[in-house]
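Everything on this sheet refers to the single structure shown next.
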Amino acid sequence: MESSVHLTQTAEWEALAAHHHELADTHLRDLFASDPDRGERLVVEAGDLYLDYSKHRLTSETIERLTDLGARVDLLGRAAAMMGGDRINTTEDRAVLHTALRAPRDAVVTLDGENVVPAVHEVLDRMRAFAEAVRSGKWTGYTGRPVRTVVNIGIGGSDLGPAMATRALRSYCHPALDVRFVSNIDGADLAHALADLDPAETLFIVASKTFTTLETLTNAASARDWLVAALGDEAAVAYHFAAVSTATEKVEAFGIDPANMFEFWEWVGGRYSLPSAIGLPLMIAIGPERFDEFLAGYRVIDEHFASAPLTENLPALMGLIGVWYVNLFDAPTHAILPYNEELVRFPAFLQQLDMESNGKRVTREGEAVDYHTGPVVWGEPGTNGQHAFFQLLHQGTRIVPCDFIGTCRPTHELDVHHDLLTANLFAQGEALAFGKPAPAVSAEGVPDELVPHRAFPGNVPSSTLLVPQLTPHVLGQLIAAYEHKVFTQGVVWDINSFDQWGVELGKALANRISPELQRAAEPELAHDSSTNALIRRYRRLRSR
Ligand code: F6P
């Protein structure tokens, strides 16, 4: 869409809004009754992903209207521009090439006249050698002992991706290597992570795109102090620290041997960086071959997204259906509900991916938008969530579109558990969609006064993403699907999904407040009265 065209003034948007007006009050019960095959028809497959979107408050006409909108904003053209190296992150003047991180060795992706793929594979090759050395025990620490624990120190995109994926793939992890993640500047995080470790057998990976992030540098400095104090020699750092960054000089200044530094590039956004060297702890945990399968999974969906027509394009449909709820139904949030305990960190990972990308209020041209953009993304694995917040999904006043994610085969031997888990997944999608109307509740003999309390309105929309099994290959596919979903929505909303200026103000204020907490009293605090009072109270209580 040319920037001068205003989204909500396009004919496609108006058609969508008119269609919503007609459909808004229709119940999923009626949609299924009048179209009994929709459960088989309103589905799309890509690679190993099967997306059932029939339990959404839409018809084939809705999909037509949404894909018309996708065509109007030239979604696939914009995807090609991203994957082709255009500087689509205009506020930082950067290309957005995370798809090149999983391109095959012989692919050509040109940026400023240079093919970036050879450099990607050169780093992957170095990562493989390093990971193999650590996994086999060939890499030894300062005292000659092999590594038993890897501690990744990073935050945001330098933590959530590898932490989520290492957890998700734990049944593929090296049995004798413990891979841990420290992110928070709260010393409790590092202190507890190190409490039971032997420095002589510990390897730290300091992961930071910029190598300026306060949390990561503070944790890394404390980890270095811990190591040097125990091993008695600064020279030990070279044996026990590796770094992943775009900032070579800063890594060297920190004292990490450049031979142990794994590079990535400014054209990789932090929240999109898991398939770069940021994935090193994951590669150490699952091994280079599994990591290759993981990257190949991403690639399956990249290729699908780039080429499938919008009506059959799984990530595009996920994104467009999300727009339907955010903008037409005014749904403020979106729930991610993996029915797989291994995906316990997936909602948090997607929270950053989505909210840092699409939590924007101006268009690419800097004009204030007059429509909502990214929803609040949240979630927890089922069945735990059922016993916590599902009450609101079933009987609350807000519409919460849900993504159920299920696996057909478990990665453990307890098949009975898996069937029960999956029965719950399917049951929740059914219950949310169809509910239980008052007459059905009365017919069960429920006293009249309790009927309103025990009736379920239904009509709560959900997607079900069903995959064969949670393998590295499938996980790569799932992540890529959500990356492109987020991209789709950013294109529709005409925002820059690849900057994150909104995190800067808080960082600047923390830098100002930090020395003020150390000082016993003056100079005079010059914040608002609330912040001033909080600082004074903290100073008073901290010194006791
Ligand atoms: O503050 C937000 C952010 O910049 C994220 O976008 C990023 O993933 C995270 O901080 C960590 O940044 P870095 O990898 O540069 O330490």
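Every number in our numbering is 10 more than the matching position in the sequence shown, counting from 1.
Every residue, glycine too, gets a C-beta built ideally from N, C-alpha and C.
Only a predicted model underlies this, so the values are computations on that prediction, with no experimental measurement involved.
Under 9 Å, do A113 and R309 count as touching if we go by C-beta distance?
-> To locate residue 113, count along the sequence shown from 1; it is residue 103. To locate residue 309, count along the sequence shown from 1; it is residue 299. Contact flag set, yes.
Assuming M137 and A287 make a contact with CB atoms under 8 Å, what is their CB distance in whole Å?
-> Taking the sequence shown and counting its residues from 1, the one referred to as residue 137 is at position 127. Taking the sequence shown and counting its residues from 1, the one referred to as residue 287 is at position 277. Sure, about 6 Å apart at Cβ, within 8 Å.
Cβ-heavy atom distance, G279 to the ligand F6P, below 8 Å | Position 269 of the sequence shown holds residue 279. Result yes, Cβ under 8 Å from the ligand F6P.
Residues in its own chain within less than 6 Å of R155 by CB, not counting five upstream and five downstream?
-> Here residue 155 refers to the residue found at position 145 when the sequence shown is read from its first residue. Here R155 has A210, E211 as same chain residues with Cβ atoms under 6 Å from its own Cβ, once five neighbours each way along the sequence are excluded.
Extent of the continuous alpha helix (DSSP H) run through H131 | Locating residue 131 in the sequence shown gives position 121, counting from the first residue. According to the DSSP assignment, H131 belongs to the alpha helix (DSSP H) that extends over 127 to 146.
Leaving out five residues on either side along the sequence, give the residues of the same chain with a beta carbon under 8 Å from the beta carbon of R546.
-> Along the sequence shown, one-based indexing puts residue 546 at 536. Only L535 meet the Cβ criterion.
Span separating the alpha-carbon of F315 from that of Q528 | Along the sequence shown, read from residue 1 onward, the residue named residue 315 stands at position 305. Along the sequence shown, read from residue 1 onward, the residue named residue 528 stands at position 518. About 52 Å.
Looking only at C-alpha atoms, which of L338, E377, A448, S64 sits nearest to I409?
-> Counted from its first residue, the sequence shown places residue 409 at position 399. Nearest of L338, E377, A448, S64 to I409, Cα basis: L338.
Select from A56, T541, R371 the residue whose C-alpha is nearest the C-alpha of H483.
-> Position 473 of the sequence shown, counted from the first residue, corresponds to residue 483. It is A56 whose Cα lies nearest to the Cα of H483.
Any non-hydrogen atom of the ligand F6P closer than 8 Å to K517 Cβ = Here residue 517 is taken as the residue at index 507 of the sequence shown, counted from 1. Answer for K517: yes, Cβ within range of the ligand F6P.
Mind checking whether Q499 and N368 have CB atoms under 9 Å apart?
-> For the purposes of this step, residue 499 is taken as the residue at position 489 of the sequence shown. For the purposes of this step, residue 368 is taken as the residue at position 358 of the sequence shown. Yes, they are a contact pair.
Contact check, N270 vs F301, beta carbons under 9 Å | By one-based count along the sequence shown, residue 270 stands at place 260. By one-based count along the sequence shown, residue 301 stands at place 291. Result no, Cβ atoms of N270 and F301 do not sit closer than 9 Å.
What beta strand (DSSP E) runs, 3 residues minimum, are completely inside the segment 188 to 228?
-> Taken in chain order, the unbroken stretches of beta strand (DSSP E) that lie wholly in the segment 188 to 228 and span 3 residues or more are 188 to 192, 212 to 217.
Pair within 9 Å by beta-carbon distance, N162 and D199 = Here residue 162 refers to the residue found at position 152 of the sequence shown. Here residue 199 refers to the residue found at position 189 of the sequence shown. In this structure, D199 does not lie closer than 9 Å to N162 by Cβ.
Considering only residues of the same chain and omitting the five flanking positions on each side of I165, which have a CB-CB separation below 7 Å?
-> Numbered from its first residue, the sequence shown carries residue 165 at position 155. The beta carbon of I165 is closer than 7 Å to those of S193, T223, E225, T226 in its chain, skipping five residues each way along the sequence.
Assign T109 to one of two classes, buried (16 or more other C-beta atoms within 10 Å of its C-beta) or exposed (fewer than that).
-> Locating residue 109 in the sequence shown gives position 99, where the first residue counts as 1. Looking at its Cβ environment, which holds 16 or more other Cβ atoms inside 10 Å, T109 is buried.
Within the same chain, show all residues whose beta-carbon is closer than 8 Å to that of L402, passing over the 5 residues directly before and after it, in chain order.
-> Mapped onto the sequence shown, residue 402 falls at position 392. Answer for L402: R408, V410, listed in chain order.
Same chain, Cβ closer than 7 Å to N506, five either side skipped, listed in chain order = Counting from one through the sequence shown, the residue named residue 506 turns up at place 496. So the qualifying residues of the chain are N99, T100, T101, K370, R374.
Per-residue DSSP class, three states only, for W388 = Translated into positions along the sequence shown, residue 388 becomes position 378. W388 falls in the strand class under three-state DSSP.
I think V502 touches V372, with their Cβ atoms under 8 Å apart; what is that distance to the nearest whole Å?
-> Here the question's residue 502 lines up with position 492 in the sequence shown. Here the question's residue 372 lines up with position 362 in the sequence shown. Rounded to the nearest angstrom, the Cβ distance from V502 to V372 is 15 Å, too far for a contact under 8 Å.
Spell out whether any CB of chain C is found under 9 Å from the CB atom of P411.
-> Absent here is chain C; the protein component of the structure consists of one chain.
From H397, A433, T421, H463, residue whose alpha carbon lies closest to that of L485 = What you label residue 485 is simply residue 475 of the sequence shown in a count that begins at 1. The candidate whose alpha carbon is nearest that of L485 is T421.
Residue of W388, G95, L187 minimising C-alpha distance to A143 = Against the sequence shown, residue 143 aligns to sequence position 133. The residue with the shortest Cα to Cα distance from A143 is L187.
How many Å lie between L121 and G406 at the Cα?
-> As a working mapping, residue 121 is identified with position 111 in the sequence shown. As a working mapping, residue 406 is identified with position 396 in the sequence shown. Near 50 Å, if we compare the C-alpha coordinates of G406 and L121.
Can you pull the DSSP bridge partners for T432?
-> Looking up residue 432 in the sequence shown gives position 422. In the DSSP output, where bridge partners are listed per residue, T432 has none listed.
DSSP on D413, reduced to helix/strand/coil?
-> Residue numbering aside, residue 413 sits at position 403 when the sequence shown is read from its first letter. DSSP places D413 in strand when its eight states are reduced to three.
Please look up how many angstroms separate the CB atoms of P478 and R419, rounded, as I've assumed it's under 8 Å.
-> Numbered from its first residue, the sequence shown carries residue 478 at position 468. Numbered from its first residue, the sequence shown carries residue 419 at position 409. That pair is a contact at about 6 Å.
Count the other CB atoms, across all protein chains shown, that sit within 10 Å of the CB of A201; report buried if there are 16 or more and exposed otherwise.
-> The residue given as residue 201 occupies position 191 in the sequence shown. When all chains shown are included, A201 counts as exposed.
In whole angstroms, what separates the C-alpha of K219 from that of G289?
-> As a first step, residue 219 is located in the sequence shown; it is residue number 209 there, counting from the start. As a first step, residue 289 is located in the sequence shown; it is residue number 279 there, counting from the start. Taking C-alpha positions only, K219 is separated from G289 by approximately 12 Å.
At least three beta-carbon pairs within less than 8 Å, the segment 37 to 46 to the segment 64 to 77 | The segment 37 to 46 makes contact with the segment 64 to 77: 3 or more CB pairs, one atom from each, lie closer than 8 Å.
Is T220 near the ligand F6P, in the sense that its beta carbon is under 8 Å from a heavy atom of that ligand?
-> For the purposes of this step, residue 220 is taken as residue 210 along the sequence shown, with counting starting at 1. The answer is yes for T220.
L480 versus G439, D196, F356, I266, residue with shortest Cα-Cα distance = Position 470 of the sequence shown holds residue 480. Distances from the alpha-carbon of L480 to those of G439, D196, F356, I266 put F356 closest.
Could you name the residues that DSSP lists as bridge partners for F466?
-> For the purposes of this step, residue 466 is taken as residue 456 along the sequence shown, with counting starting at 1. DSSP output for F466 lists K446 as bridge partner(s).
Beta strand (DSSP E) containing Y60: first to last residue?
-> On the sequence shown, residue 60 is found 50 positions in, with the first residue counted as 1. Element bounds for Y60: 59 to 62.
Can you tell me the Cα-Cα spacing of G19 and Q438, whole angstroms?
-> Taking the first residue of the sequence shown as position 1, residue 19 is located at position 9. Taking the first residue of the sequence shown as position 1, residue 438 is located at position 428. It should be noted that the sequence gives Gln, not Gly, for residue 19. Taking the straight line joining both Cα atoms gives about 38 Å.
Whole alpha helix (DSSP H) elements within the segment 259 to 319, 4-residue minimum = Qualifying alpha helix (DSSP H) stretches, in chain order: 290 to 296, 298 to 317.
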